[in-house]
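K.L.:
Just passing along the structure, written as structure tokens.
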Amino acid sequence: MLYLRNIIAAVLAIVAGTAYASDYGAYYDDLPFNAPAVSAPSIPDLTVRLADFGGVADGITLNTEAIERAIAHLSAQGGGHLVLDEGVWLSGPITMKSNIDLHVTHNAILLFTTDKSRYAILDPDEGTATSMRQPPIYAHHISNFSITGSGVIDGNGEAWRPVKRFKVSDAEWKKMQRLGLTEYTEGTATVYYPTMGNPTDKIETKRARLIRIVCCENFMVKDVVIQNSPSFHLNVVLSSRFVIDGVMVRCPWNAQNGDGIDLSSCTDALIVNTSVDAGDDALCLKSGIGDAGRRRGPCENIVIDNCTVFHGHGGFVIGSDNAGGMRNIMVRRCRFIDTDTGLRFKSGRDRGGLMCGVFVRDVVMCDIAGEAILFDSYYEEKVGDGENVKPEPVTADTPVFRGFFISGLVCRDAGRAVVMKGLPEMHIADVSITDCTFVARQGMVINNADDIELKNVRLQLAEGPVLKEHNASVKQINVSEIR
0 MLYLRNIIAA VLAIVAGTAY ASDYGAYYDD LPFNAPAVSA PSIPDLTVRL
50 ADFGGVADGI TLNTEAIERA IAHLSAQGGG HLVLDEGVWL SGPITMKSNI
100 DLHVTHNAIL LFTTDKSRYA ILDPDEGTAT SMRQPPIYAH HISNFSITGS
150 GVIDGNGEAW RPVKRFKVSD AEWKKMQRLG LTEYTEGTAT VYYPTMGNPT
200 DKIETKRARL IRIVCCENFM VKDVVIQNSP SFHLNVVLSS RFVIDGVMVR
250 CPWNAQNGDG IDLSSCTDAL IVNTSVDAGD DALCLKSGIG DAGRRRGPCE
300 NIVIDNCTVF HGHGGFVIGS DNAGGMRNIM VRRCRFIDTD TGLRFKSGRD
350 RGGLMCGVFV RDVVMCDIAG EAILFDSYYE EKVGDGENVK PEPVTADTPV
400 FRGFFISGLV CRDAGRAVVM KGLPEMHIAD VSITDCTFVA RQGMVINNAD
450 DIELKNVRLQ LAEGPVLKEH NASVKQINVS EIR
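So that you can map any letter, position 356 of the sequence shown is 355 in numbering that gives the first Met the number 0, and since no number is skipped, the others follow by simple counting.
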């Protein structure tokens, strides 16, 4: 029996190892900036199965301690693969360690308990200014690890997320009422929290990110389904040299703060072959607010390739927290379907920094409710399109959009093709939109912007002019309306 188990373990190690054989160098061909190619981590060959440490995949037994024992065992041996076989593995929060691969196999579900007492309130880490709820999967100051497999990681988010009545169907509402809801007024909105003692207690209402990775390097998240988070699904902060490949992120469209993949102040990252169906921003880059964000630094050398977004507030998003800046960003060969906005570059006077060297190539979109391309310097300000805004003093927090290059984009059915809302004191500048086609209800609005080039742009519009501009310099080369 032991001999057979060793054979199985060896086979599992080989199978797991083959997942890391991908050569990611091709994704760095033809980049307009220099960026080091990332590679998969190298996990030791030792493989164990959770069942060998007392784990039970019955959806009832809590497996937190079994997972802790298995990870501790592997770590003591220098690392290896922890395999969750077929079944439903109920667990509390998991803390990753260096040189460990958490492998959720096909037809396995890692389901996190709804017992909030299992998730401690932690002191702030480097990615937050306040205390936080312990993430279901947490990696902090470690390296050379991975989360892999074609199984499902489920955060049981409906037990955590507040809801607004107008955002849910009658059937969803009845289900939530059966679970129990506490009514609470936030401003003019009535919000319903899953049953808890006191929704005015900010500690009690804190919600975790499903997978939170902070100050780590050389890791990979590959092939897993990540779904139903209490808030953000995959949140990576101040980390470098990592791959997100073949991941599927899923949550209800109305999930409050249901971001898909959020990177904050990260460097040398590759996101490929991934799909997102999100309740908020889908693929999002941030870099903090104020002095803390400036100390953290930019998102830099980020490549996003061959990804699909099925729903989200934005398909690819920068912001709104941009104090640390953005540079050397490439998004290409992606598909955005049924998002509120396609490309969404947002910031505000209290959260800006320098955003430059952003390249978008060969992105296709359809059924975009708002803008196919949006530059917004007035996040959370109600200023319309910004034509009548008075200038304010330029500060370290003023957002600066410089050097955005968009080409080969095709969008079918958007509300508006392009909107740029610069500040009167800090114009959007040096933006090129080339070889793009838009089918939209309305055309382009460009306000407070300099050195904007529109080249070989075709538009089919239901109403209004091709371009409205205010306080802007726009160079048009072969811009045409299709009748």
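Think of the CB as a built atom: it goes at the ideal place given N, C-alpha and C, for glycine as much as any other residue.
In terms of alpha-carbon separation, which member of Leu237, Val103, Met247 lies closest to Pro297?
P.N.:
Along the sequence shown, one-based indexing puts residue 297 at 298. Answer by Cα proximity: Leu237.
K.L.:
Pair every Cβ in the segment 420-431 with every Cβ in the segment 399-406, then say whether three or more of these pairs are closer than 8 Å.
P.N.:
Judged by Cβ distances under 8 Å, the segment 420-431 makes contact with the segment 399-406, as three or more pairs qualify.
K.L.:
When the distance is taken between beta carbons, is Cys250 closer than 7 Å to Ile141?
P.N.:
Within the sequence shown, the letter at position 142 stands for residue 141. Within the sequence shown, the letter at position 251 stands for residue 250. It is not a contact, given that the beta carbons lie outside the stated cut-off.
K.L.:
Secondary structure at Lys173, three-state DSSP: helix, strand or coil?
P.N.:
As a position in the sequence shown, residue 173 is number 174, starting the count at 1. In the structure shown, Lys173 sits in a helix (DSSP, three-state: H, G or I).
K.L.:
Across which residues does DSSP place Ala268 in a beta bridge pair?
P.N.:
Within the sequence shown, residue 268 is the residue found at index 269, counting from 1. DSSP output for Ala268 lists Phe241, Ile301 as bridge partner(s).
K.L.:
Can you give me the C-alpha to C-alpha distance between Leu49 and Asn253, rounded to a whole angstrom?
P.N.:
Looking up residue 49 in the sequence shown gives position 50. Looking up residue 253 in the sequence shown gives position 254. Whole-angstrom Cα-Cα distance: 34 Å.
K.L.:
Kindly identify the DSSP beta-bridge partner or partners of Asn62.
P.N.:
Residue 62 sits at position 63 when you count from the first residue of the sequence shown. Bridge partners of Asn62: none, in fact.
K.L.:
What first and last residue would you give for the beta strand (DSSP E) that runs through Arg326?
P.N.:
Counting from 1 along the sequence shown, the entry for residue 326 is found at position 327. Note, Arg326: beta strand (DSSP E), 325-331.
K.L.:
CB-CB under 6 Å to Asn143, same chain, minus the five flanking residues each way: which ones, in chain order?
P.N.:
Along the sequence shown, read from residue 1 onward, the residue named residue 143 stands at position 144. Taken in chain order, the residues that qualify are Pro40, Ser97, Asn98, Asn217.
K.L.:
For a quick check, are the C-beta atoms of Thr397 and Gly351 less than 7 Å apart?
P.N.:
In the sequence shown, the residue the question calls residue 397 occupies position 398. In the sequence shown, the residue the question calls residue 351 occupies position 352. Taking 7 Å as the Cβ cut-off, Thr397 and Gly351 qualify as a contacting pair.
K.L.:
For Asp84 and Leu61, I'd like the C-alpha separation in whole angstroms.
P.N.:
Counting from one through the sequence shown, the residue named residue 84 turns up at place 85. Counting from one through the sequence shown, the residue named residue 61 turns up at place 62. Approximately 15 Å, taken between the alpha carbons.
K.L.:
My parser needs the beta strand (DSSP E) runs of 3 or more residues fully inside the segment 35-88; what are they?
P.N.:
List check, beta strand (DSSP E) in window: 46-48, 57-61, 79-83.
K.L.:
Would you call Ile13 buried or exposed, if buried means 16 or more other Cβ atoms sit within 10 Å of its Cβ?
P.N.:
Here residue 13 corresponds to residue number 14 of the sequence shown, with the count starting at 1. Interpretation of Ile13 is limited by its pLDDT of 36, a score under 50 that renders its predicted location unreliable; the figure taken from the coordinates is listed afterwards. Exposed, by the Cβ-count rule.
K.L.:
In three-state terms, what does DSSP make of Ala158?
P.N.:
Position 159 of the sequence shown holds residue 158. Of the three classes helix, strand and coil, the one that applies to Ala158 here is helix, per DSSP.
K.L.:
According to DSSP, which residues form a beta bridge with Asp122?
P.N.:
As a position in the sequence shown, residue 122 is number 123, starting the count at 1. Answer is none; Asp122 lacks a bridge partner.
K.L.:
Which class does Arg249 belong to by DSSP, given the choice of helix, strand or coil?
P.N.:
Here residue 249 refers to the residue found at position 250 when the sequence shown is read from its first residue. DSSP places Arg249 in strand when its eight states are reduced to three.
K.L.:
Buried or exposed for Ala20, please, with buried defined as at least 16 other CB atoms from any protein chain shown within 10 angstroms of its CB.
P.N.:
Reading the sequence shown from its first residue, position 21 is the one you call residue 20. Here Ala20 scores only 44 on pLDDT, less than 50, and its place in the model should not be relied on; the value that follows carries that caveat. That one is exposed.
K.L.:
Just to confirm, are Gly313 and Asp280 a CB contact at a threshold of 7 Å?
P.N.:
Residue mapping note: residue 313 aligns to position 314 of the sequence shown, counting from 1. Residue mapping note: residue 280 aligns to position 281 of the sequence shown, counting from 1. Yes, the Cβ-Cβ distance between Gly313 and Asp280 is below 7 Å.
K.L.:
Tell me the rounded alpha-carbon separation between Pro363 and Asn305.
P.N.:
As a position in the sequence shown, residue 363 is number 364, starting the count at 1. As a position in the sequence shown, residue 305 is number 306, starting the count at 1. According to the sequence provided, residue 363 is Val. The question's Pro does not apply to it. For Val363 and Asn305, the distance between alpha carbons rounds to 11 Å.
K.L.:
Check whether the segment 72-81 and the segment 109-121 are in contact - that is, three or more C-beta pairs closer than 8 Å.
P.N.:
With the cut-off at 8 Å, the segment 72-81 and the segment 109-121 do not touch.
K.L.:
Can you give me the Cβ contacts of Ala413 inside the same chain, cut-off strictly under 6 Å, excluding the 5 residues immediately before and after it?
P.N.:
Looking up residue 413 in the sequence shown gives position 414. Here the set comprises Ile367, Ala371, Ala439.
K.L.:
Per DSSP, what kind of secondary structure is Gly356 in: helix, strand or coil?
P.N.:
As a first step, residue 356 must be located in the sequence shown, where it is residue number 357. Residue state, collapsed to three classes: strand.
K.L.:
Under three-state DSSP, which class holds Cys306?
P.N.:
Indexing the sequence shown from 1 puts residue 306 at position 307. If DSSP states are grouped into helix, strand and coil, Cys306 belongs with coil.
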